[in-house]
Amino acid sequence: MDIGQILANIGFNWPVAVANLVNFLIIFYLLQRFVFKRVGQVLKDRQAVIAEGLAAAEEAKGELLSAEVKAKQIADEAKLMANQIVTDGHERAAETVKAATGKAEAVYQEIVERGAADVQRERQEAEKQVQVETARLIVKGLEKVLTEDFTDKKQEDLIARLIK
Numbered sequence: 000m001d002i003g004q005i006l007a008n009i010g011f012n013w014p015v016a017v018a019n020l021v022n023f024l025i026i027f028y029l030l031q032r033f034v035f036k037r038v039g040q041v042l043k044d045r046q047a048v049i050a051e052g053l054a055a056a057e058e059a060k061g062e063l064l065s066a067e068v069k070a071k072q073i074a075d076e077a078k079l080m081a082n083q084i085v086t087d088g089h090e091r092a093a094e095t096v097k098a099a100t101g102k103a104e105a106v107y108q109e110i111v112e113r114g115a116a117d118v119q120r121e122r123q124e125a126e127k128q129v130q131v132e133t134a135r136l137i138v139k140g141l142e143k144v145l146t147e148d149f150t151d152k153k154q155e156d157l158i159a160r161l162i163k
């Protein structure tokens, strides 16, 4: 038996098979020319968009890490600057307090010295006045003594008055 007979026995029909093959090739050609190219182009475009998105995501992830590191550095620098400013402020405040205290002590010392000088001057003036008054009283007393006749009784009275 021949292969053609075997195929005919199982129901294979050559003209129909050739027609089906021609139809298949025509449909394949049309699909290839009009559909598969466009679908392939759309798939390539989508793959490119996906690849760009993934690359952008990786780049963004790297930039995010870089930004986080930079933000931490900036925050650390800001903390250091703030601490330095606070330290400088404390130092300036201490210097200002020290200067004000020194100035206040100088003013206090000057006031005390002026007060002491005033007291000394007034004491000296009082002593002078006491000396002048004492001398005047002595002179007055001597005048009385010299102008009066003294008896023992008068001398005792005078001494008693002077003692009081």
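Quick note: the sequence shown uses numbering that gives the first Met the number 0, first residue 0, plus one each step. Just so you know, even glycine gets a beta-carbon here, dropped at the ideal spot from N, CA and C.
Need the endpoints of the alpha helix (DSSP H) that residue i sits in, please.
{"i": "residue 161", "result": "151 to 162"}
{"i": "residue 27", "result": "13 to 29"}
{"i": "residue 3", "result": "2 to 8"}
Check the Cβ-Cβ distances between residue i and every residue of chain C, and say whether any is below 8 Å.
{"i": "residue 77", "result": "Judged by its chain identifiers, the structure shown contains no chain C, having just a single protein chain."}
By Cβ distance, which residues of its chain are closer than 8 Å to residue i, with the 5 residues on each side in sequence left out?
{"i": "residue 161", "result": "140"}
Apart from the five residues on each side of it in sequence, which residues of its chain come closer than 6 Å, Cβ to Cβ, to residue i?
{"i": "residue 41", "result": "none"}
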